[in-house]
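Novice: Counting from 5, one number per residue, gives the positions in the sequence shown under my numbering.
Note that beta-carbon positions come from the ideal geometry of N, C-alpha and C, so glycine has one too.
As the structure is a prediction and not an experimental result, all values here were calculated from the model.
If you scroll down you'll find the structure; I have some questions about it.
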Amino acid sequence: MDQNITLPALDQVLTVLAPSEQTVPVVFSSPHSGRDYTPDFIAAARLDARALRRSEDSFVDELFAAAPRHGAPLLAARFPRAFCDPNREPYELDPSMFTGRVPEGANTRSPRVAAGLGTIPKVVASGADIYAGRLPASEIERRIGGYYRPYHHMLRRLLEATQRRFGWALLVDCHSMPSSGAPVDVGDGSVVGADVVLGDCFGAACAGPIVTVIEDAFRRRGYRVVRNSPYAGGYTTRHYGQPRQGCHAVQIELNRALYMNEADHTRTIGFAPLAEDLDGVVAAIADLTRRQAFP
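What follows is the structure, encoded as structure tokens:
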């Protein structure tokens, strides 16, 4: 780490909403709902703040705010995904973005880097370039060392503490998706959009009964649910979802049309009903993990 790089305080990087006592072996995370668009980031970008928010999972941390009431902590990034994406490998980087060399061993050829969506993204979700020119190479360590690593350090700390206390852990990684999300064949030749996509890396990251309980909890509330298409789980799900080591992970993607106006990033009248339903989904997860262990 360059000694001249000033790192932010932890409360500028993340928020942990914790219960007074953790009573279930579950940790919720929201890596993409951060909305602290600092003046220096906006000044460096060619896009305005509204355009930068196209990559944001707006309000997902608020939608899952019921987690502590059911005995589970919720970790949320405060920094925006367009600035640094914690749902990537530590160094998924596009060398063409920087004036200097990227660190040795960086993954410069992943499909995500090719799409402009590496750890330090080149574009927002719409495909528009974030920057007019190249960034100094010092930005790599400033963002990864100051934002990415503290987020994952806290996530590991929460999961390890959970495993020590309960003998196993479940990570629920919470996201939202554009309303054009996953298609669902409803059986009469027509296709509608999915409300919820559950990703468990095709069964590799989480025990099947856990995912089934989550799916049933959504379906009972009238939501159209699919698994692993088109979102099977990102880096967080793949990395932490290691059932043989006693840590399971599942990714939840919510259709943004359920609760927000995607054009101006405002809540709609659907926000409160969805939050209430998610309270019930979180309760179902908590109840399962109280009744049954998956070590």
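#1: Looking only at its own chain, which residues have a Cβ that is under 6 Å from the Cβ of His269, when we skip the five neighbours before and after it?
#2: Between Ala198 and Val230, is the Cβ-Cβ spacing less than 7 Å?
#3: Taking the C-alpha atoms as reference points, what is the distance between Ile289 and Arg168?
#4: Whole-angstrom Cβ separation of Pro99 and Thr123, contact assumed at under 8 Å?
#5: Considering only their Cβ atoms, is the gap separating Val64 from Ser33 smaller than 7 Å?
#6: Comparing alpha-carbon positions, which option in Pro154, Pro213, Val254 lies nearest Gln16?
#7: In the segment 207-290, which residue ranges form an unbroken alpha helix (DSSP H) of at least 4 residues, counting only runs that do not cross its ends?
#8: I'd like to check one pair, His36 with Arg92: are the Cβ atoms closer than 7 Å?
#9: When you compare the segment 216-225 with the segment 160-167, are there three or more beta-carbon pairs, one atom per stretch, that lie closer than 8 Å?
#10: Please classify Glu145: does DSSP put it in a helix, a strand, or coil?
#11: If we require 4 or more residues per run, which alpha helix (DSSP H) segments fall completely within the segment 32-89?
#12: Looking at the strands, I want to know which residues DSSP matches up with Met181.
#13: Hey, which unbroken runs of the alpha helix (DSSP H) at 4 residues or more fall wholly within the segment 82-139?
#14: Going by C-alpha distance, which of Ala119, Pro29, Ala13 is nearest Leu292?
Specialist: So, from the data block:
#1: Take His269, set aside five residues on each side of it, and the residues of its chain with a beta-carbon closer than 6 Å to its own are Arg57, Ser62, in chain order.
#2: Yes, Cβ-Cβ distance for Ala198 and Val230 is below 7 Å.
#3: Between the alpha carbons of Ile289 and Arg168 lies a distance of about 20 Å.
#4: So it is not a contact: roughly 13 Å between Cβ atoms.
#5: Result no, Cβ atoms of Ser33 and Val64 do not sit closer than 7 Å.
#6: Ranked by Cα distance from Gln16, the options Pro154, Pro213, Val254 are led by Pro154.
#7: Listed in chain order, they are 212-224, 239-244.
#8: Contact check for Arg92 against His36 fails: the beta carbons are separated by 7 Å or more.
#9: No, the segment 216-225 is not in contact with the segment 160-167.
#10: Residue state, collapsed to three classes: helix.
#11: Listed in chain order, the alpha helix (DSSP H) elements of length 4 or more contained wholly in the segment 32-89 are 43-48, 53-56, 64-67.
#12: In the DSSP assignment, Met181 is bridged to Asn259.
#13: As far as the segment 82-139 is concerned, its whole alpha helix (DSSP H) runs of at least 4 residues are 115-118.
#14: Considering only alpha carbons, the answer is Pro29.
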